[in-house]
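Numbered by my numbering, the letters in the sequence shown go through residues 2 to 261 in order.
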Amino acid sequence: MNEQRFQQIRMVMVNTTHPGNIGAAARAMKNMCLSELYIVDPKDYPAEKAVWRAAGAVDVLENAKVVSTLDEAIADCGLVVGTSARERRIPWPLVTPRECGERCWAEAGTHPVAIVFGREDRGLTNEELHKCNFHVHIPANPEYSSLNIGAALQVICYEIRMAYFAAKEGKELHFNDWDQPPANSASLENYYEHLQETLEQLKFIDPDHPRQTVTRLRRLFGRIRMDKMELSILRGMLTSIQNHIFHTDKKIKALENKPD
Ligand code: SAH
Numbered sequence: 002m003n004e005q006r007f008q009q010i011r012m013v014m015v016n017t018t019h020p021g022n023i024g025a026a027a028r029a030m031k032n033m034c035l036s037e038l039y040i041v042d043p044k045d046y047p048a049e050k051a052v053w054r055a056a057g058a059v060d061v062l063e064n065a066k067v068v069s070t071l072d073e074a075i076a077d078c079g080l081v082v083g084t085s086a087r088e089r090r091i092p093w094p095l096v097t098p099r100e101c102g103e104r105c106w107a108e109a110g111t112h113p114v115a116i117v118f119g120r121e122d123r124g125l126t127n128e129e130l131h132k133c134n135f136h137v138h139i140p141a142n143p144e145y146s147s148l149n150i151g152a153a154l155q156v157i158c159y160e161i162r163m164a165y166f167a168a169k170e171g172k173e174l175h176f177n178d179w180d181q182p183p184a185n186s187a188s189l190e191n192y193y194e195h196l197q198e199t200l201e202q203l204k205f206i207d208p209d210h211p212r213q214t215v216t217r218l219r220r221l222f223g224r225i226r227m228d229k230m231e232l233s234i235l236r237g238m239l240t241s242i243q244n245h246i247f248h249t250d251k252k253i254k255a256l257e258n259k260p261d
């Protein structure tokens with residue numbers, strides 16, 4: 002069985018306040034054979050408390066990558082799942098922790114996968130959640146649904162381990178029957194920027210009031226799980242549209258400046 006696949010699955014902690022929680026996360030990961038930890042702009046790290054809470058998983062902490070933005074942490078990932086302690090305003094494709102484990106395990110066979118965890122006090126921002134293909138919610142007590150981040154991370158890592166065992170028994174989801182790799186997070190971000198710029202030039206959206214159009218388009222394209230080739234076709238289409246706008250504008254200007 003492909004045990005290296007565990008290394009294709011990373012846990013990403015965004016703006017964690019308490020270093021003890023980072024240590025707890027490292028321990029939870031190592032218990033489930035996971036090792037790739039990304040720490041995005043932590044409040045207080047490195048710290049003794051993190052080492053202390055990591056116990057025998059100090060190696061996971063030592064190998065952890067500290068980065069300054071979420072984009073950096075997920076740039077090369079073909080699948081990004083955001084964790085959330087509560088329902089959000091715009092519903093997003095949702096998976097259960099079990100489905101999350103199965104999907105992450107299956108997709109890690111072909112590309113890097115990230116699971117993103119939020120701040121202790123306010124979770125992930127909407128903007129961060131909108132960078133994810135799926136959201137996962139641990140169905141806890143509806144009146145007290147917010148788990149400690151280390152505990153939440155443990156549940157998610159446990160489900161990945163369960164998916165590994167299921168795959169060993171041949172009960173695996175398959176994700177390697179496609180001719181192209183999925184578009185990764187960085188190329189999707191470039192695409193969304195390009196799309197927004199083009200829609201603004203078309204005056205389809207007002208840059209000062211984009212409302213939720215762009216968010217809804219992100220959700221639409223995120224659901225499709227575009228591959229690299231499809232994304233490059235769409236980028237090409239946007240460039241053609243922009244060229245067309247440019248030449249039309251030039252013609253109009255030339256006509257306007259023509260002396261009568
Ligand atoms: N008050 C915050 C709670 C943040 S808990 C909020 O309402 O969003 C800190 C982090 O732990 C969350 O961002 C998430 O990554 C994880 N977490 C806590 N409870 C969870 C749950 N029930 N399901 C999924 N993730 C959870």
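Quick reminder that beta carbons are idealized off the backbone N, C-alpha and C, glycines included.
- The alpha-carbon of lysine 66 is positioned some 46 Å away from that of histidine 248.
- Per the coordinates, the alpha-carbon of proline 92 lies some 47 Å from the alpha-carbon of alanine 255.
- Within the same chain, and ignoring the five residues on either side of phenylalanine 7 in sequence, the residues whose Cβ sits closer than 6 Å to its Cβ are Cys34, Leu35.
- The continuous alpha helix (DSSP H) containing methionine 163 extends over residues 150 to 169.
- Within the same chain, and ignoring the five residues on either side of cysteine 105 in sequence, the residues whose Cβ sits closer than 6 Å to its Cβ are Ile10, Val114, Ile161.
- Comparing alpha-carbon positions, the option among Phe118, Ile225, Met163 lying closest to threonine 18 turns out to be Phe118.
- A straight line joining the alpha-carbon of arginine 120 with that of threonine 126 spans about 9 Å.
- Under a 10 Å Cβ-count criterion, glycine 124 is classified as buried, with 16 or more other Cβ atoms of the shown protein chains found around its own Cβ.
- In the displayed model, arginine 226 falls within coil according to three-state DSSP, outside both helix and strand.
- Note on the segment 60 to 146: whole beta strand (DSSP E) runs with a minimum of 3 residues are 66 to 68, 80 to 84, 114 to 118, 135 to 137, in chain order.
- Between alanine 48 and alanine 27, the CB-CB gap reaches or exceeds 7 Å.
- In this structure, the alpha-carbon of valine 15 lies about 16 Å from that of leucine 148.
- Counting the other CB atoms within 10 Å of its CB gives arginine 219 a total of 16 or more, which places it among the buried residues.
- Of all alpha-carbon atoms in Glu88, Val52, Pro20, the one lying nearest the alpha-carbon of proline 43 is that of Pro20.
- DSSP, reduced to helix, strand and coil, places histidine 245 within a helical segment of the structure shown.
- Scanning its chain for C-beta atoms nearer than 7 Å, with the 5 sequence neighbours on each side dropped, one finds around histidine 131 the residues Thr216, Arg219, in chain order.
- Taking non-hydrogen atoms of the ligand SAH into account, the C-beta of glycine 119 is found less than 6 Å away from one of them.
- Going by C-alpha positions, threonine 214 is about 19 Å away from arginine 236.
- Excluding the 5 residues flanking it on each side, glutamine 155 has same chain C-beta neighbours closer than 7 Å at Ala29, in chain order.
- The ligand SAH never approaches arginine 219 closely enough for any of its heavy atoms to be under 6 Å from the residue's Cβ.
- Taking all protein chains in view, the Cβ of glycine 171 is surrounded by fewer than 16 other Cβ atoms within 10 Å, so the residue is classified as exposed.
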